[in-house]
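Please read the structure below before turning to the comments.
Residue numbers (my numbering): 50 to 232.
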């Protein structure tokens, strides 16, 4: 797979995005993340998107653990290798164990023994939204039984945001980030 748009350098994405990509790579243990160096080429759209994305994760009302499990599930359902690879490590840093990361990042049935009832509800809803673009009334009632109104809205937005991002990354053929080289 060859990227349809090559990741940009400092000149193409600007100094702030370039520096941010280097910091993000240190945090994730990879080379500068290609989602930044690729999407950063659309400078104005990139910054608007990043502000919205940040309002959902990491600065949303869902826990970081819940957000990472949703992102992994969306990555699996949408077949986005980039998001799957990028968020495995982040999921573990957010408190998911290896079995939970594997379970969320799979398209099969979830293993109830690995999750709380709230987490199962969040993952089932994310799966349904990612697959169908909707929630049945029964699933919505289950969501509202576990999440506040604000959290329920955020769950739908977070899921759809990552469906959009996964589609963008797949269409642009953005490849998973390489591990960071040590000097």
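Each residue gets a CB set at the ideal place from its N, CA and C atoms; glycine is no exception.
Around the beta carbon of residue 94, fewer than 16 other beta carbons sit within 10 angstroms, so the residue counts as exposed. In the three-state reduction of the DSSP assignment, residue 170 falls in the helix class. Rounded to the nearest whole angstrom, the C-alpha separation of residue 54 and residue 188 is 39 Å. In the structure shown, residue 161 falls within a helical segment according to DSSP collapsed to helix, strand and coil. Annotation: the continuous alpha helix (DSSP H) that includes residue 116 extends over 113 to 127. Taking C-beta atoms as the reference points, residue 135 and residue 79 count as a pair closer than 9 Å.
Note on residue 118: 16 or more other CB atoms within 10 angstroms of its CB, so buried under the neighbour-count rule. The Cβ-Cβ distance between residue 144 and residue 167 does not fall below 9 Å. Under the Cβ criterion (8 Å, minimum of three pairs), the region 177 to 193 does not count as touching the region 82 to 94.
Distance from the CA atom of residue 211 to the CA atom of residue 225, rounded to whole angstroms, is 16 Å. Counted as a single uninterrupted DSSP element, the stretch harbouring residue 145 is not any alpha helix (DSSP H), since DSSP gives it neither H nor E.
Here the C-alpha atom of residue 76 lies approximately 19 Å from the C-alpha atom of residue 105. Judged by beta-carbon spacing, residue 179 lies within the 9 Å limit of residue 127, meaning their Cβ atoms are closer than that value.
A distance of 9 Å or more separates the beta carbons of residue 52 and residue 129. Rounded to the nearest angstrom, the Cβ distance from residue 153 to residue 122 is 5 Å, consistent with a contact under 8 Å. Contact between residue 109 and residue 203 holds, with the beta-carbon distance rounding to 5 Å and staying under 8 Å.
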